[in-house]
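Per this note's numbering, the very first residue in the sequence shown carries number 1066; after that it's consecutive.
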Amino acid sequence: MTSVGTSDDDDGVVRDRGTIWPWARSWPSRELPQAVLYLRACTSADDAVLLTWPAPEYNFFSRRKFAAGHVEFLPPSAFTTALDQEQMLGWLQRQRVPVILTNRDRYEEFARAYPSVAAYLASRYEPFGEFTIYDGSQITVSSRRGLTPTRTWGPQRWPCAFQ
């Protein structure tokens, strides 16, 4: 029986749960998406990942850097000027970004807001997989052309560990 002011978890299990990756119990649905596990397993700690919609949790939970200098794309009127996009492209050219995730249901919105970035991504990335997120949106997973995977991952045999 637990007395007032104490926890059923006095041995520190709850506290320690947040110190050991993959922090699955912290994801809102309590099930870490396979895409997060893929990003963690198939990209390096120095790699950045770009998502075309506001979903920084994928970077956070996979422990990967935010590509193009932005945590989120698509907030209203956020960093959409030609100068902003030029800066993003500079970052993308300096960063190693082997994988991008594209929200197909919101892609037109992304391409209208960031036409230079969208053109850059279209010219350099090749789709290889897809999955559905919680709201029903279709997500395309693409890898950078010119990088060679050294193995595959999961039942879909997605390319992994890029050189």
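Note that CB positions come from ideal geometry on N, CA and C, so glycine has one too.
Note that the structure is a prediction, hence the values are computed from the model and not measured.
Check	Outcome
Distance check for residue 1139 and residue 1173, CA to CA, integer angstroms please.	11 angstroms
State the beta-bridge partners of residue 1198 as determined by DSSP.	Per DSSP, none; premise fails for residue 1198.
Going residue by residue through the stretch 1138 to 1226, where are the continuous beta strand (DSSP E) segments of at least 3 residues, counting only ones entirely within it?	1164 to 1168, 1190 to 1197, 1203 to 1209, 1214 to 1218
Measuring straight from C-alpha to C-alpha, what distance separates residue 1203 and residue 1108?	22 angstroms
In its own chain, which residues sit with a C-beta less than 6 angstroms from the C-beta of residue 1127, not counting the 5 before and 5 after it?	1101, 1104, 1105
Would you kindly work out how many angstroms separate the C-alpha atoms of residue 1185 and residue 1096, rounded to a whole number?	33 angstroms
Pull up the CB-CB distance for residue 1224 and residue 1207, whole angstroms please, since I reckon it's below 8 angstroms.	That pair is no contact at about 10 angstroms.
Out of 1226, 1212, 1205, state which residue places its alpha-carbon closest to the alpha-carbon of residue 1165.	1205
Can you grab the Cα-Cα spacing for the pair residue 1130 / residue 1216, in whole Å?	22 angstroms
State the DSSP-derived secondary structure class of residue 1132, mapped to helix, strand or coil.	helix
Using DSSP's beta-bridge definition, name the partner residues of residue 1113.	1130
I need the straight-line Cα distance from residue 1219 to residue 1227, nearest angstrom please.	15 angstroms
Under a Cβ-count criterion, where at least 16 other Cβ atoms within 10 Å of its own Cβ denotes burial, should residue 1150 be classed as buried or exposed?	buried
Can you tell me whether DSSP reads residue 1032 as helix, strand or coil?	Here the chain has residues from 1066 to 1228 only, and residue 1032 is not among them.
Comparing C-alpha positions only, which one of 1200, 1222, 1180 sits nearest to residue 1146?	1180
So for residue 1120, helix, strand or coil by DSSP?	coil
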